[in-house]
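**Student:** Dropping the structure in here first, questions after.
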Ligand SMILES: [Zn+2]
Ligand SMILES: [Zn+2]
């Protein structure tokens with residue numbers, strides 16, 4: 015069972031026009047007793063703060079853009095003792111992978127320094143030749159297409175198989191990697207930040223090519239090619255209010271009937 019804690023891309027949003035799909039930025043949770051496996055640490059991660067039973071937490075970060083890490087400083091498990099937290103990241107920037115947390119918890123941006131965190135924290139560089147095993151869950155990382163890189167994650171156990179492919183731009187050699195990784199999955203969670211028109215600049219005169227995001231049309235293409243059972247539209251544009259996402263779902267369903275738009279609190283099983 016995987017719970018989507020945050021579905022919104024770029025920045026968190028709130029208000030009556032965002033009630034249906036939610037406003038938290040990306041975070042997903044798979045849990046096994048006192049172990050949590052989390053994918054991305056957008057603002058959605060705060061919802062785990064009230065679950066106080068985890069002892070071990072594995073956080074896979076797709077990349078280090080703000081919307082995927084901005085929940086880390088408010089993640090209360092950092093401030094608890096006898097908690098083991100492992101953060102997995104493929105950092106392609108000049109920052110040393112093990113050091114990015116120092117930059118995040120640093121004055122004048124945040125009042126608590128990383129040295130004052132109470133948990134046992136380990137930062138691990140993602141190895142694309144490895145599988146990560148936790149109980150009956152297996153996690154396999156794949157390189158995606160995004161400025162400075164972003165990882166995709168195949169998440170599966172005996173009950174569910176899902177590819178988490180956010181912050182992915184179509185049109186490179188990574189397309190084939192995605193299709194191969196998504197072969198036969200129950201859920202393809204895919205970056206649909208833009209409508210096809212918006213991607214080309216029809217809405218605001220700004221062409222979004224090279225910004226690292228995609229459209230529902232490519233989500234449909236990849237879902238069909240990989241024979242995914244369901245396509246989950248994800249990383250919703252903060253400009254897209256609920257009724258507009260409803261329209262996108264209708265358009266996407268005409269091309270691939272098993273399309274659903276992700277919402278905060280959605281449970282995949
Ligand atoms: Zn993002
Ligand atoms: Zn990004």
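Numbering (this note's numbering), first residue to last: 15 to 283.
Even glycine gets a Cβ: it sits at the ideal position worked out from N, Cα and C.
1) For residue 83 versus residue 50, is the C-beta distance shorter than 8 Å?
2) For the beta strand (DSSP E) that residue 72 lies in, which residues bound it at each end?
3) Is there contact between the region 256-269 and the region 168-180, where contact requires at least three CB pairs shorter than 8 Å?
4) Should residue 164 be listed as close to ligand 2, given that the test is whether its C-beta is under 7 Å from any heavy atom?
5) Could you check how far apart the C-beta atoms of residue 103 and residue 92 are, in whole angstroms? I think they sit under 8 Å.
6) Closest by CA to residue 164, which one among 147, 218, 135, 192?
7) Taking the alpha helix (DSSP H) that residue 222 belongs to, which residues open and close that run?
8) For the alpha helix (DSSP H) that contains residue 248, what are its first and last residues?
9) Answer with buried or exposed for residue 146, where buried requires no fewer than 16 other C-beta atoms within 10 angstroms of its C-beta.
10) For ligand 1, I want to know if residue 79 counts as a neighbour, meaning its beta carbon is within less than 7 Å of at least one of the ligand's heavy atoms.
11) Compute the minimum distance between the beta carbon of residue 85 and the heavy atoms of ligand 2, and state whether it is under 7 Å.
**Tutor:** Taking the coordinates as given:
1) Not in contact: residue 83 and residue 50 (Cβ atoms no closer than 8 Å).
2) 70-74
3) no
4) yes
5) Rounded, the Cβ-Cβ distance is 16 Å, inconsistent with contact.
6) 192
7) Run containing residue 222: none; DSSP gives neither H nor E here.
8) Premise fails: residue 248 lies in the beta strand (DSSP E), 244-248, not in any alpha helix (DSSP H).
9) buried
10) yes
11) no
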